[in-house]
Amino acid sequence: MNAMPRWADIILVPFINLILAFFVAGLVVLAIGENPFDMIYFMVKGALGSTSGIGFTLYYATNYIFTGLAVAVAFHARLFNIGGEGQAGIAGIGVAIVLLAFDWPHWTIAMPFAIIGGAAFGALWAAIPGYLQAKRGSHIVVTTIMFNFIGAALLGYLLNGILKNPDLQNAESRAFPTGAHLPTFHEMLAPLGIEFSKSAPANVSFIFALICAVAVYFLLWRTRLGYEIRSFGHNERAATYAGISSVKVIIVAMLISGGLAGMLAINVVMGEQERLIASFVEGAGFVGIAVALMGRSHPFGIVLAALLFGMLNQGGFELLWEMPAISKEMVLVIQALSILFTGALDNMVRVPLERMFLRMKKGAA
Amino acid sequence: MDFVLQVLLTFDMSIRLSVALLLACLAGLFSERAGVVDIGLEGKMLIAAFFAAVVSFETGNVWLGVLAGCAASLTFSMIHAVASITYQGNQLISGVAVNFLASGLTVVMGNAWYKKGGQTPTLTEGGRFYDITLPFADFFQSIPLPGPIYSELISGHKSIVYLAYLAVPLAWWVLYRTRFGLRLRAVGENPASVDTAGISVVRMRYSALIIAGILCGIAGAYLSTAQAAGFGKEMTAGRGFIALAALIFAKWRPFQAMGACLLFGFLEAISNLYPNIDVFGLFTIPVQFTQAMPFIMTVVILAGFVGKAIPPRAVGEPYVKER
Amino acid sequence: MDGANSAGRQETDAPAIELVGISKAFGPVQANKDISISVAKGAIHGIIGENGAGKSTLMSILYGFYKADAGEIYISGQKTEIPDSQAAISAGIGMVFQHFKLIENFSVVENIILGAEDGPMLKDSLGKARESLKSLAKEYELNVDPDALIEDLSVGHQQRVEILKALYRKADILILDEPTGVLTPAEADHLFRILRNLKKEGKTIILITHKLREIMDITDTVSVMRRGEMTSTVNTVDTSPEDLAERMVGRKVLLSVDKKPATIGDTVLKIENLRVIDEAGVERVKGISLEVRAGEILGVAGVSGNGQSELLAVLGGYMNATGSISVNGVPIDLTGRESDGQSRRARGIAHVPEDRQTEGLIMDFMAWEDIVFGYHHDPAFQKNRWLMDNAAIRADAEGKMERFDVRPPHPNLQAKNFSGGNQQKIVLAREIERNPDLLLVGQPTRGVDIGAIEFIHKQIVDLRDQGKAILLVSVELEEIMSLADRIAVMFDGHIMGERIPAETDERDLGLLMAGVNEQQGAA
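Protein chains in written order, with our numbering: chain A, 1 to 365; chain B, 1 to 323; chain C, 1 to 523.
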């Protein structure tokens, strides 16, 4: 028996959860003696009030679409990939190696190869925990956490060693060839006569992220592989009965998940930094968890949630100028509360709502 | 003699660095033995470190700071409990949320109160822990080998260090020799059997998370008031996860947890003291490798290549009465 | 102790247990409806009913595992509130659940004292429990090594630990839920001896079962449950198995299926010396050989857990085995790459699994998605190399649902929203319409309403009449007797014997199921 109509399940519950998260975040703001409504106003203004704000919002949203999709694909196979952070970091190495290997003539040529490089490295970093889960039964959550740290160490080692730019003090790679520069929104929109901020880092990767979201939708609901992933995720035993290989599903789902997480490097390393630095992922891998939860692991929901979290992140930076008493980590608080309410405390809202709908149904019958 | 002293100093530092790991690891032990996965150790320690530093600074009394740290960590532990026990939510997700929340809140509040980018002011005087010199340390100093071991290695630590190491046999005794421990282990193995034996699963799991909260609180307080003299942004720096790794490495047993934490503390000491180790001029072990060692070792253990780490059977599963 | 002695009106002949008007609903499902029952002190009282009749729910309420929505409980004439298991234990009730509530890696004695410790330190409790185990063992033939780990004990011994747990807590009333389902006949006999001993000591015993023979053998009184209601309570001596069966099902059961004599063709399935070892390293199938020919139904009978499920799993491609199996004369792979469900389907083997909810269907999938489950690689369901043809699958589902009379006929409804019978029809439609050479069917009518049973049986017989081979596994003897053309009985991983339905009866089969072959002597 479905206790709730579908719309309540996919829209109402997450919405109430989000309201709760914002309410508690508001209490935190009150506690430090500031006005939460002012904060929201400045955040929204910072995120959407100018093309520069929008550009940053879309830039962050691009990251979150990738990491959110990564978490969601794994979720559908009932795997909690908490290692997006590490997979994206390692993918950065792949992207950097590809882009430093040649003097690329044009981004349209460089981008596909960078995508392959990043996806391969990210996928590999996810596939090892996947393999260990499938073949050795090691819990994927713990291994992916461990791989985040191992990945960070590896990245640090390479950036202090063979990938380091010898001319600089900092641990960073040489700059990529100018031919590998990805067009920003400013450059893309200028020929159309649309004025867009020059400083905003939003680039063509955003469109690629949207393409990935559509691709993930098709993968999950239109292909045999997606069918197998979802079957396995819902019921492992039944999947075995149907002749679906658990080893294959786990490893393939993790490969795809890691590859998607790795696409973050296209946006950040190739699109914005144009060189490899150590801490470029900046928690986006974890935000992907919140995005996937909020978006109910559906690509459409993920895009919406990623835009929301992109706004939050950009709005958070804007607070620095408008409300210096609130630091940008306030965004972390809101993200944490969103994860808490949509992910862990879901039943707190869902169970009473289900009862309410059941009562309404009985009343109507 | 110089070499011996250097070894002693390294071990001494290992002990200091293992304390927070050990307390957090024991916290994880109680939580996971009761069937609740705790990847929020990091966040609980962080929030505790923050409040311990704040209250120590404001009151000038470090013990009040420890108390405040415990209270903060306990609050976070209860958030985890409400989500994962009362509302039967996903324990992993709840843990992730706890970590995020701590990362955000500490900086937001720290910045709002002290305007130092999330740092708290440096602790002085009674606001922090100082080394305790055990009796006769000076006297033993003069005796060749056992002397320095006593005076350098065993004596001269902060009180929390001794507390942490005393907590190990205590944890063992509680787990294996008391009714509470029997029930705690049982609830992590098969909550249905505990329920039908007339014991409340919810109460047992809450008790475990209360203990975990307090232990993480002391661990966090140690970081900001003993190991350092104030709170710094993200000062736990992954120690909660190393503790989790140590817990798996120790296969969820107290004395082995102590061994694992000492080992991981030793690795951290090595990476602090000797960043790049030159092995007979053949090759160099980079500092990143030493830092990643705890995680690599845990993956190897988890994969069952060396021994097999079997977690408590009901760990991670919310208890729902079957139909 | 309060009240019991001081209240003078306490009658010694008050019933041990009296339940009045107990009701319990799980969401929209009414599991117990206004149930009243009374059990005399020192009696063995049976509660019988089909799967899902509400027996276990009722007893779980009595044990405080669930809370009743309405109703009252009287223990020895005293009204008693039982909000949790602790209250039940203090009221002198002990329960042995169908799935044991033991902690596998704890020792016997640790399991015994859990929740009944004397004081906060374990040392004294453990010592006391060891002593008390010794005397209980002597008194009731309940020997178990107190320091053995549960996981090292046989199922029969684990059950003894459960009984000891109850007795250690001084239970006067012992509830056993389907206690013989997992026992060998020898173990079951031993259990019944223990129960009779307990009765002698004045304990009251409630035995939940769906096996008529057990009721007739051991109980003094019996209550029958049907669809959440208690239909009648009678003295066992005043009833017969036929009478009880009728009361259980609610109408005269004549499960004879209308079928023509079989036209038997060539051998389709040939199994030789098949051995299966499960993940725990236990040998489940111990060298069996079987044949199923085109146009016949081979029924595999047996108490559940005697290797039938493993046999199906091997044939279905999700368990490894040794020995040889061939289909239409061509061997199939038992361990390698080709030993998965996909390869089996490609060889013309269709499989209606024993448990439709955990194996046969994804309950959260919509009916149309479930109707390609296992056949999702079929080219007919693909739009192109990459994408599946969802429109074609939906259309196919509509046709199948109509032909198999699935109600409601909505392909977009999730599987979990159909009744048990209709879920089974979805699985059956999917498997039968593949037109397989060999159909494996496990427990086709478990938890299925009477109306659907007839339909399902008819579909299976129809497939037989089309000249297909069918291997039917069922724990319901009547089903086997009425459907099968030949019956093989499994016991402890062996085939105990084969029979022709017309030349055998329930008694003969029952003996085979218990491991006794009268034609050849005991196993």
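C-beta atoms are modelled at their ideal positions from N, C-alpha and C, and glycine is treated no differently.
The C-beta distance from Leu22 of chain B to Cys261 of chain B rounds to 4 Å, short enough to meet the 8 Å contact threshold. Taking a cut-off of 8 Å on C-beta distances, the stretch 38-45 of chain B touches the stretch 222-241 of chain B, as three or more cross pairs fall below it. In terms of Cβ geometry, Phe57 of chain B and Gly126 of chain B do not form a close pair [threshold 7 Å].
A residue is called buried once 16 or more other Cβ atoms fall within 10 Å of its Cβ, and Trp386 of chain C, having fewer, is exposed. Using a Cβ distance threshold of 7 Å, Ser23 of chain C and Asp69 of chain C count as a contacting pair. With a threshold of 7 Å between beta carbons, Phe295 of chain B makes contact with chain A. Under a 10 Å Cβ-count criterion, Arg486 of chain C is classified as buried, with 16 or more other Cβ atoms of the shown protein chains found around its own Cβ. In the DSSP assignment, the residues bridged to His351 of chain C are C:Leu440.
Per the C-alpha coordinates, the member of B:Leu74, B:Ala228, B:Pro286 and B:Ala303 positioned closest to Asp131 of chain B is B:Ala228. Taking 7 Å as the threshold, the shortest C-beta distance from Ile362 of chain C to chain A falls below it.
Burial check for Val161 of chain B: the Cβ neighbour count within 10 Å reaches 16 or more, so the residue is buried.
If you check each beta-carbon in the stretch 189-218 of chain A against every beta-carbon of chain C, the ones closer than 8 Å belong to Phe218. A direct Cα-Cα distance of roughly 49 Å separates Glu272 of chain A from Ser343 of chain C. Leu302 of chain B and Gly137 of chain A have their C-alpha atoms roughly 8 Å apart. If you look at Asn105 of chain C, you'll find it isn't in any beta strand (DSSP E); DSSP assigns it neither H nor E. Closest in C-alpha terms to Ala91 of chain C, from the list C:Val448, C:Asp124, C:Gly451 and C:Ser76, comes C:Ser76. Near chain B, meaning a CB-to-CB distance below 8 Å, the residues of the stretch 102-126 of chain C are Leu102, Ile103, Glu104, Asn105, Phe106, Glu110, Asn111, Ile113, Leu114, Gly115, Ala116, Glu117, Gly119, Pro120, Met121, Leu122, Lys123 and Ser125. Taking a Cβ-Cβ threshold of 8 Å, the residues of chain C close to Thr178 of chain B are Pro120, Met121 and Leu122, in chain order. For Phe381 of chain C, no chain B residue has a Cβ inside 9 Å of its Cβ, as the nearest lies near 34 Å away. Taking C-beta separations shorter than 7 Å and ignoring five residues to either side along the sequence, the partners of Leu463 of chain C in its chain run Ile432, Leu439 and Ile470, following chain order. In summary, Trp104 of chain A is buried, with 16 or more beta-carbon neighbours lying within 10 Å of its beta-carbon over all protein chains present. Scanning its chain for C-beta atoms nearer than 8 Å, with the 5 sequence neighbours on each side dropped, one finds around His106 of chain A the residues Gly179, in chain order.
Per the coordinates, the alpha-carbon of Ile453 of chain C lies some 42 Å from the alpha-carbon of Gly188 of chain B. Gly265 of chain C and Leu290 of chain C have their alpha carbons spaced roughly 16 Å apart. For a cut-off of 8 Å, the C-beta gap from Ala153 of chain A to Gln291 of chain B is around 5 Å, short enough to register as a contact.
Secondary structure note for Gly49 of chain C: it is in no alpha helix (DSSP H), and the uninterrupted beta strand (DSSP E) holding it is Ile44 to Gly49.
Along the stretch 440-459 of chain C, none of the residues has a CB nearer than 9 Å to a CB of chain B. The beta carbons of Val427 of chain C and Gly374 of chain C sit no closer together than 7 Å. Using a 10 angstroms sphere on the CB of Gly117 of chain B, the tally of other CB atoms stays under 16, which defines it as exposed. The contact set of His139 of chain A on chain B, defined by CB atoms closer than 8 Å, consists of Leu302 and Pro311 in chain order. With respect to the C-alpha of Asp278 of chain C, the residue from C:Pro241, C:Glu141 and C:Asn306 having the closest C-alpha is C:Asn306. Each residue's CA atom was taken as its position, placing Ala202 of chain A and Gly117 of chain A some 21 Å apart. The Cβ atoms of Ile302 of chain A and Gly84 of chain A lie no closer than 7 Å to each other. When DSSP states are grouped into helix, strand and coil, Gln98 of chain C belongs to the coil group. Counting along the chain, Lys134 of chain C sits inside the alpha helix (DSSP H) bounded by residues Leu122 to Tyr140.
Against chain C, the CB of Gly243 of chain A has a partner CB under 7 Å away; the residue lies at that interface.
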